[in-house]
Structures are given as C-alpha cells and as structure tokens.
Amino acid sequence: MAATTPRDRTSRLRAWMLEGLSDMARPPQGPHAPPEPAHKGQRWWRVMCLTGVDYFSTLGYQPGIAALAAGLLSPVATIVLVIVTLAGALPVYRRVAEESPRGEGSIAMLERLLSFWKGKLFVLTLLGFAATDFLITITLSAADASTHLVENPHLTSTLHGYQMLITLFLVALLGAVFLKGFLEAIGVAVALVGLYLALNVVVVVVGLWHVATAGQVVADWSTALTTQHGNVFAMVGVALLVFPKLALGLSGFETGVAVMPHVAGDAGDTEDRPAGRIRGTKKLLTTAAVIMSVFLICTSFITTLLIPESEFETGGQANGRALAYLAHEYLGGAFGTVYDVSTIAILWFAGASAMAGLLNLMPRYLPRYGMAPHWARAVRPMVIVFTLVGFLVTWIFDANVDAQGGAYATGVLVLISSAAIAVTISARKAGRRNGVIGFAVISAVFLYTTVVNVIERPDGVKIGACFIAGIILVSLLSRLARAFELRVTSVTLDDLAQRFVRDIASRKIRFIANEPDNRDIAEYRDKIEQIRHDNDIPTQEDFVFVEVTVLDPSEFEAGLSVRGEVLHGRYRVLTLESSSIPNALAALLLHVRDTTGGTPHIYFEWTEGSPFANFLRFFLFGQGEVAPVTREVLREAEADRTRRPRVHVG
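Numbering (the numbering used here), first residue to last: -4 to 645.
Right, here's the structure in full:
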C-alpha cells in the first residue's frame, strides 16, 4: 500500500473542509442556487419548540438580570416588558411573517425598500447586528450553562474557578458538532422545551406557594417599594427607565420568523402566497410570546421576593441562575440537579440554534452580493470562523453573563427596531393609516429602548460595530478579489438579436462597444469611421454595435437579456442591461463563440482619465476602464488563448 503523502492529506483535508453545505445550512440564495428540496414541514407547535430553545432558555438568566437592573421593581419592570412584547413586538413580527413567508425576515423587507450601494451597505450593517445577536447568544448561553454547572452544590468545590475554561469548552464542543454535521432535530427540541417548561412550572408553583404561605414576604416587599419610590406613578416611571436593560426577554422573535420554512402549510398553499404557513407561524409567535410572558412575570415575582438581593450580585449563588437557586433551595439537591441539567441542555441547544441561524443567514446575502470568498459557501470553514470569534468574545467578557447582556440586548433591539420600521413603511405603502400610526408608535418605543441601551451599555454597540466593520471590510475585499469573474448566469437573445449573430457569423464576427449618447445617425457613422481608422479595417467589413446600460451596479450576478434593433434604417445594435459593462460584454462574446463556433472580435476606444480612477468607477458603478477589464474577465473565464474572443483597442 502506497504511503499517504502530506499533499494527499492536505487535499483530503481541503476537500473535507469545502464539502458543500451541511444538512443544517440553507442553500445559497441567488441565480446559482440549487432548488430547495420540497418537504411537508412540521406542525407549528413543534417548530415553536425549535425557536423556543433560544427564546425560553432566557429564563435561565433573565430573572437574575432583571433583579440586578431593577432591584425590588423587577416585577413591575417585567410587566412593562410583557406589555411591550404583546402589544409591540408580537404585532410587528406577525406582520413580518406575512411579508416574508420564506423566512427572510425584516432584513429582506428593508432590502427591498432600498437599492444600489446604500441598500447593500444598510443590509451589511444589519447583518453585523444580527451576527452580534447570534454570536452573543452562543457565548452568553455557554457562559450561563457553565454557571449552572459551576454553582451546582455538588460540583462547586471541584469546578470553582474554571468557568472560563468550561465556557470555552462548550463553545468548542458546539463548533465540533457542526464540523461533524448537524441534523435538525425538532423532536429533540420538543423534548427539551417540554421538560424545561415542565420543571419551570414546578419551580414557579412551589415559589408562589412559599410566597403565599409567608405573608410577611409580600408585605415587606410592598413596604420597601413604597419607602424607595413613594407611589405607583414613581414606580412605573422608574420601571420605564430600566426597561431597556430587560430587553433580553424579547430575543425569540427574529428566530421565530427565520424558522418559517419549516412550518407545514395547507394543501392549497402556493410559493407566492403560503397562507397556511403564514397562519401557522402567527400561531407559533403568539403562543410563544404568551407562554414566555406568563413565565417572565411569575419568575421575576418569586425571585425578587424569595432570593436575598446580595445573591444576585457577581459571585452570588443566584447570579445568572436565579430559578436554579430556588430549585435547590426549596425542592432539594436532587431536583435542583435535574433542573441544572435541563437548563444546561436547553442553553446548549440555544447555542446550536444560534449557530445554525448564522450559517443560514450569511449565505443568504453575502454570496449574492459577491461579498464572500468561495469557501464561505461551505459550512465547515464558517463554523471555524464563528467558533474562533466565540472564543474571542468569551475571553473579552470573561465568560460573564451579566457583562454580555448589553451586547446581546443591542443586537436584539436593533433587529426588532428594523422590523418595526420595515412594517411601518410597508403599512404606509399599503395605505393602512391606522397601521402606520400604530407601527410608528411601536417603532418609536423600540428606537428609544435601543438608544437608551446603547448609552447605558455601550459595549453592545462597540461589539456590533466591530462585527459591522469586519463584515464590510471582508465583503469589500472579497468583491474586489472577485471583480473579474464572469458574473453572468445566463445569456438570452431575442429573435432579432439571434438573426444579427447568425448573419455576421458567416463572415468575421466584429462588434463595436458603444456608449449610447444621443443615438443619432451621426453617432454611429462617426463611431464606425473612427474604429476603421484606428484599427486599419477595410471598408467592406461590417459591424454590429453593442450597447450596455448599467442598472444597479451594486448587484453582483444576474442573467443577461440581449435585444436587437435596427436604428436609422441601417445600423444593427444589440442592447443589454447589466450591473457591469465589462462583464456583460465578456459574457456576450463567450456566448456568441459557443453558439456560432467562430471567434468574436470587439473594438473599443481607450478610456480617457486616470486608470486608477476608472478602475474605481468600474468597481463601484460598473463602468470605467472597460476595454482592459473586459479582456481580463475573458482571460479568467477562458484559459485557452486560442479560444478566447479578441479585444481590440484604438
């Protein structure tokens, strides 16, 4: 048996790393995307559990964060959060579900409202905040899982001081699962969510019973509230001020829309109007919001009244694990350990859901924009990138749940604010006056919450800015590196254009690249004379003009439609619409070569001005240094010089 050489091992590793997309990743969206396999979908309540591993798992740390932020006012502030959830976020995302039934979410809604580079940069900015949301979900969930592990009374003496290492191990283990291959397991999510919520029901019931049987607890709490804040109006005012710190309780809505494609629809659903899927998703969002609201109010109440305030602080036994503290305190070590295990498991799966969300989200946009390296279409390299970033975030925040709350809340709030703005604009376009007013008020609430959160906890926007800068920088460098790709997915000629090509193919195929100005007879007559003079072409040779109109230069790839027309009774013109003049011309030449068997020739004028400035014009606006760029695109697309169309410049 021949020995395996280092080159063989490297080739195998490369093949394994770039092996398509994993079963969890959504196929890349765009002209090259393979058709998605048809599937029947799942019942809405089962899909709710898939998003619920992220949404409901926040119960593991939300009561503790609320206690730290609002103190004795935690229940009142949580009621404000619930009102915003049910009257604000829920109506917004029910509308988002109608507008993006394939799970594109609010980012796609806003993308449709904006065009050209401003639209692309805006989407990249939102992707930065989405990356903040999902990555902090991974690191925060892992940190809280390690907190539950370290603070377990049976393990605290052994594991105390190792929380950072445990958190890094959990993040690495999550990455290893995705490197191996991750199958969506809605059944596992149903089991985890069912067990976790059942255990929380037990903790809540026992906690409420202890509150009810110890009457002085409520009396002491009420007296302390009155002493601190004076009256109900002051309490509500303070609760409104601290509400932005509780925004983690809104974390499940974007994920709820993202899992829409898995919801089973009706037999009569169509791709354009999947009414059954939309209806099921609305049930999913509403049911999840109601369940979470009930738990948030109950858990904030019992944790505030039954846990000493000092235990919520860093180093306290309830820090990041308030409900687990109650489970151990009132139900014993055995039940508390079972609760810890279920919490660790659902937090773990929340991280898996977030990783899957990243792998689904990034290929949806970046490859379509030409703003991702080729290896970004494969899942495993992206998993390694996200895992390494998770290590960095964990190290920066020292695996602290409270410290990561600001960054997480920033990502969540920016996405919810963008969704509220998107549905407001959508309602305005639809002429729904009441809807515009209602959604505008909701948008104002979320924008206020976002601004306050950013001011009070700037770490979130700093981390988000880092992600945004990283995504934009890598995206622009990738697009620059891929600037000379062919970037045309198909070429279609109308009948007259095909007739022009067939006719000229019987002789030497000569095209003239013309920038359309007035399109009068003098323009075409003078252009032919100049090309003949510059290239010493006999007068008996004839030409076909090619004119490209740039539509949206920010688009990266698309199909090419070619239309033929005769101008002034004698000049044959092929008109094209594209995002880039050189790439469109190169694609046309290669298509003509392949369909006729001849070698096309195309003639240009030299472009006046600085070559560097003209290249920037090409990169940003699809025009500029047309002749040399067309030749370079042809060189990359066709390695055999003898088969390459000819480019002439005079």
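Virtual Cβ for every residue (Gly too), placed ideally from N, Cα, C.
Residue i (DSSP reduced to helix, strand or coil)
i      : result
Arg567 : strand
Ile507 : strand
Val483 : strand
Leu361 : coil
Val254 : coil
Gln37  : strand
Gly244 : helix
Asp589 : helix
Gly426 : coil
Arg638 : helix
Asp267 : coil
Asp512 : coil
Asp261 : coil
Ala394 : coil
Ala209 : coil
Thr602 : coil
Supposed contact pair residue j and residue i - C-beta distance, whole angstroms, cut 8 Å
i      : j      : result
Ala582 : Val483 : 4 Å
Val388 : Ala508 : Going by Cβ atoms, the distance from Val388 to Ala508 rounds to 50 Å, so no, they are not a contact pair.
Ile504 : Gly593 : 5 Å
Ala322 : Val198 : 5 Å
Val440 : Gly83  : 6 Å
Ile466 : Gly123 : 5 Å
Gly47  : Ala283 : 6 Å
Val543 : Ser573 : 6 Å
Phe506 : His596 : 7 Å
Lys277 : Ala414 : About 15 Å separates the two Cβ atoms, so there is no contact after all.
Ser348 : Asp139 : Actually they do not touch by this definition, with Cβ atoms about 15 Å apart.
Arg638 : Leu629 : Actually they do not touch by this definition, with Cβ atoms about 10 Å apart.
Tyr403 : Leu135 : 6 Å
Residue i to residue j span [Cα, whole Å]
i      : j      : result
Thr132 : Thr332 : 23 Å
Asp393 : Met159 : 7 Å
Pro22  : Ala329 : Residue placement at Pro22 cannot be trusted, given a pLDDT of 39 that sits under 50; the coordinates are not used to answer.
Phe344 : Met230 : 37 Å
Ile576 : Ile516 : 23 Å
Phe117 : Glu106 : 8 Å
Leu442 : Ala209 : 41 Å
Asp18  : Ser288 : Because the pLDDT at Asp18 is just 39, under 50, the model does not fix this residue reliably, and the point stays unresolved.
Glu560 : Thr570 : 8 Å
Cys461 : Glu627 : 35 Å
Asp335 : Val431 : 45 Å
Gly400 : Val79  : 19 Å
Glu99  : Pro70  : 35 Å
Leu174 : Leu168 : 10 Å
Ala340 : Leu475 : 43 Å
Val75  : Ala270 : 33 Å
Leu468 : Thr120 : 11 Å
Val568 : Leu562 : 7 Å
Phe307 : Thr298 : 10 Å
Leu383 : Ile458 : 15 Å
Met534 : Ser549 : Before going on, a small fix: residue 534 reads as Thr here, not Met. Straight-line Cα distance between these residues: approximately 40 Å.
Val200 : Tyr88  : 31 Å
Opening and closing residue of the beta strand (DSSP E) in which residue i lies
i      : result
Arg641 : 641 to 644
C-beta neighbour in chain C for residue i, strict 8 Å
i      : result
Ser337 : Absent here is chain C; the protein component of the structure consists of one chain.
Terminal residues of the alpha helix (DSSP H) in which residue i lies
i      : result
Tyr598 : Segment 596 to 599 is the beta strand (DSSP E) holding Tyr598; no alpha helix (DSSP H) there.
His143 : 111 to 145
Ser288 : 270 to 301
Phe228 : 227 to 237
Gly385 : 374 to 391
Leu629 : 621 to 632
Leu491 : 490 to 500
Discussion item. To test your reading of the DSSP string, which unbroken beta strand (DSSP E) runs of 3 or more residues are found completely within the segment 522 to 581?
Written reply: 539 to 545, 553 to 562, 566 to 573
Fill in: Completely contained alpha helix (DSSP H) runs for the segment 150 to 201, where each covers 4 or more residues
151 to 154, 158 to 175
Worksheet entry | Inside the segment 428 to 479 only - beta strand (DSSP E) runs reaching at least 3 residues | none
Worksheet item: What are the complete alpha helix (DSSP H) segments, minimum 4 residues, inside the segment 41 to 113?
Response: 57 to 65, 69 to 79, 85 to 94, 100 to 108
Worksheet item: In the segment 292 to 352, which residue ranges form an unbroken alpha helix (DSSP H) of at least 4 residues, counting only runs that do not cross its ends?
Response: none
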